[in-house]
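S.K.: Taken in order, these protein sequences are the chains called A and B.
Letter 156 of the first sequence, counting from 1, is numbered 160 in the numbering used here, and no numbers are missing.
Letter 195 of the second sequence, counting from 1, is numbered 199 in the numbering used here, and no numbers are missing.
The structure that follows is given in the form of structure tokens.
There are 2 protein chains.
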Amino acid sequence: MNDDEHSDSSRMEATVRELLTEMKDASETIVDLAYASLMYNSKDMAEKVEEMDRDIDDMKFAIRTKILMAVRTKEDAREMTGVLQVASAADRISEAAGEIVKLLNVPKEERPFINDIINESDEKIMMTRISPRSDMAGNTIDQLAVEASTGTKIIAMKNRYGWIYNPDGDVKLRAGDDIIVNGSQDGFNRLKKFASGELPWEFPEMEFAED
Amino acid sequence: MNDDEHSDSSRMEATVRELLTEMKDASETIVDLAYASLMYNSKDMAEKVEEMDRDIDDMKFAIRTKILMAVRTKEDAREMTGVLQVASAADRISEAAGEIVKLLNVPKEERPFINDIINESDEKIMMTRISPRSDMAGNTIDQLAVEASTGTKIIAMKNRYGWIYNPDGDVKLRAGDDIIVNGSQDGFNRLKKFASGELPWEFPEMEFAED
């Protein structure tokens, strides 16, 4: 293999790796968001799910094209078969989320069952508000390390500008924001004490930053 | 509707509800377990995934049969369509997990890529050991509320008797046990400090139990 081919193949690998990581991350959020759209009867949230589903589909096609164009050796081909398999699994998960949000077309009164199921699951979907007395107010999701500190993941939030779905870690929480999280009941009980200001937040930088 | 029919229909609802909740829970664990089997190159774990995949498939069929036998009115039918849709979404997710574990047939050297992807994801899979100095030793997963306290979920563990996959909350952790968890890097850093005994465990009963 000459240098040109080698750098082509490294570039391809870097792009495919990035795309596949993004697909995997998205496929892990989209299902929670789909269930949340049913819980809160939100067409908006369902549209975000459909948008993510389309993005994941596009990424799958992009990965396929890149791979088909760049694979040269049998070893490349074998490794890339695995990549295609993970991409197709992520796509399948996102299709499942697409199926779930289709239920929004059924009037809410005719699907009480589904909310019961979500409430009875190990992983529940719950909403709470950030109190002005909460240490969470004024900090970003990453600064708080919400998931590490409470076991709950913010999948959607409503601030003074409107709804944000699947918010990035650099989004700042403010007093009055509503957050929708996915997690266990224990985790939610813990989160609520932080969000209401009843418990002071333990900032991860001080308490359990990596050495 | 007479009383007999009504109680038939309630019984059916209770069973379907239980089955569907179990399917949803299983579909949320099986994908993590599938990625973990690749990370640790574990055929055993992959077999557990295949077993769960078959169980989920069986539950889907059981739900279908129950519904077809019991639906009597148009309202029943409409609500149950939603149930079938969620069941089929959970089944689709578990099939995706089945696809992921098939990659174990590719020799480990030929799939370095996949472990990189998992390491670069938001939700990672990591392993740590419970130290004799750790407060975690001697307590069950539920007593510790591991997920609420660290944001990481124990998806598999190895104790003196062997491996346990998707352990129940009443499983006790002991010094020397290895636990494989799914969660964010921040959460894992926090967990490691508890597991090594560097940080005392904050027991949820005392600190954030529901009022």
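Glycine residues also receive a C-beta, built at the ideal position from the N, C-alpha and C atoms.
Rounded to the nearest angstrom, how far is the Cβ of M140 of chain B from that of L177 of chain B, given a contact under 8 Å?
M.R.: 5 Å
S.K.: So I97 of chain A contacts chain B; which residues on that side make the cut at Cβ distance below 8 Å?
M.R.: Residues of chain B passing the Cβ test: V35, R96, I97, A100.
S.K.: Under the three-state reduction of DSSP, which class applies to I158 of chain A: helix, strand or coil?
M.R.: strand
S.K.: Using a Cβ cut-off of 8 Å (strictly closer), state whether I51 of chain A contacts chain B.
M.R.: The amino acid occupying residue 51 of chain A in the given sequence is Glu; Ile does not appear at that position. Cβ-Cβ to chain B under 8 Å: no for E51 of chain A.
S.K.: Using DSSP's beta-bridge definition, name the partner residues of M131 of chain B.
M.R.: For M131 of chain B, which the question treats as bridged, DSSP gives the partners B:I184.
S.K.: When you compare each of A:T19, A:L42, A:S41, A:Q189 to R68 of chain A by their alpha carbons, which one comes out closest?
M.R.: A:T19
S.K.: Identify the residues that DSSP records as bridge partners of W167 of chain A: which are they?
M.R.: A:K162
S.K.: Would a C-beta distance cut-off of 8 Å place R15 of chain B and F117 of chain A closer than the cut-off?
M.R.: no
S.K.: With DSSP run on the structure shown, which of helix, strand or coil describes T77 of chain B?
M.R.: coil
S.K.: How long is the line joining the alpha carbons of V110 of chain B and A50 of chain B, rounded to whole angstroms?
M.R.: Roughly 13 Å separates the two Cα atoms.
S.K.: Would K196 of chain B pass as a contact of D181 of chain B if the rule is Cβ separation under 8 Å?
M.R.: no
S.K.: Classify M210 of chain B as helix, strand or coil using the three-state DSSP reduction.
M.R.: Below a pLDDT of 50, predicted positions are generally treated as unreliable, and M210 of chain B, at 44, falls in that range; the measurement from the model is reported next regardless. M210 of chain B: helix per DSSP, three-state reduction.
S.K.: How would you write the range of the alpha helix (DSSP H) that L148 of chain B sits in, first residue to last?
M.R.: 145 to 148
S.K.: Got a sec, what are the start and stop residues for the alpha helix (DSSP H) N193 of chain A sits in?
M.R.: 189 to 199
S.K.: Of all the CB atoms in chain B, is at least one closer than 8 Å to the CB of I71 of chain A?
M.R.: no
S.K.: Do you know how far the Cα of F198 of chain B is from the Cα of A94 of chain B?
M.R.: 34 Å
S.K.: In or out: T47 of chain B buried (at least 16 other Cβ within 10 Å) or exposed?
M.R.: The sequence as given places Lys at residue 47 of chain B; Thr does not occur at that position. So K47 of chain B ends up on the exposed side.
S.K.: Could you tell me which of B:W205, B:I159, B:N119 sits nearest to M43 of chain B, measuring between CA atoms?
M.R.: B:N119
S.K.: Between the Cα of E103 of chain A and the Cα atoms of B:T85, B:V105, B:A149, B:E114, which residue gives the shortest distance?
M.R.: The option with the nearest alpha carbon to E103 of chain A is B:T85.
S.K.: Taking C-alpha atoms, which residue in B:R115, B:N170, B:M73, B:G191 lies nearest to I145 of chain B?
M.R.: B:N170
S.K.: Check the Cβ of V75 of chain A against every Cβ in chain B and list those closer than 7 Å, keeping chain order.
M.R.: Correct list: empty, because the minimum Cβ distance to chain B is about 13 Å.
S.K.: Give me the subset of the region 19 to 34 of chain A whose CB atoms are less than 7 Å from a CB atom of chain B, sorted by chain position.
M.R.: R21, L24, T25, K28, D29, E32
S.K.: Residue ranges of each alpha helix (DSSP H) run of no fewer than 4 residues wholly in the region 74 to 113 of chain A, ordered along the chain?
M.R.: 78 to 106
S.K.: Sorry if obvious, but does the Cβ on P116 of chain A come closer than 7 Å to a heavy atom of the ligand PLP?
M.R.: With respect to the ligand PLP, the structure shown offers nothing to examine, as it has no ligands at all.
S.K.: Go to P116 of chain B, then tell me how far its alpha helix (DSSP H) extends in each direction, as first and last residue.
M.R.: 116 to 124
S.K.: Between G187 of chain B and T156 of chain B, what straight-line distance do the alpha-carbon atoms span, to the nearest angstrom?
M.R.: 4 Å
S.K.: Between T25 of chain B and T77 of chain A, what straight-line distance do the alpha-carbon atoms span, to the nearest angstrom?
M.R.: 46 Å
S.K.: How close, in whole Å, do the beta carbons of M56 of chain B and I34 of chain B come, if the pair is a contact with beta carbons under 8 Å?
M.R.: Right, their Cβ atoms sit about 5 Å apart.
S.K.: Measuring straight from C-alpha to C-alpha, what distance separates T154 of chain B and S138 of chain B?
M.R.: 15 Å
S.K.: Check the C-beta distance from N45 of chain B over to K128 of chain B and give it rounded, since I have them as a contact under 8 Å.
M.R.: Their Cβ separation, rounded to whole angstroms, is 17 Å, which puts N45 of chain B and K128 of chain B out of contact at 8 Å.
S.K.: What number of angstroms, rounded off, separates the C-alpha of Y39 of chain B from the C-alpha of E114 of chain A?
M.R.: 37 Å
S.K.: Quick one: which chain A residues come within Cβ less than 9 Å of G180 of chain B?
M.R.: Simply none; closest approach about 23 Å.
S.K.: Out of curiosity, what's the CA-to-CA distance linking I121 of chain A and V150 of chain B?
M.R.: 23 Å
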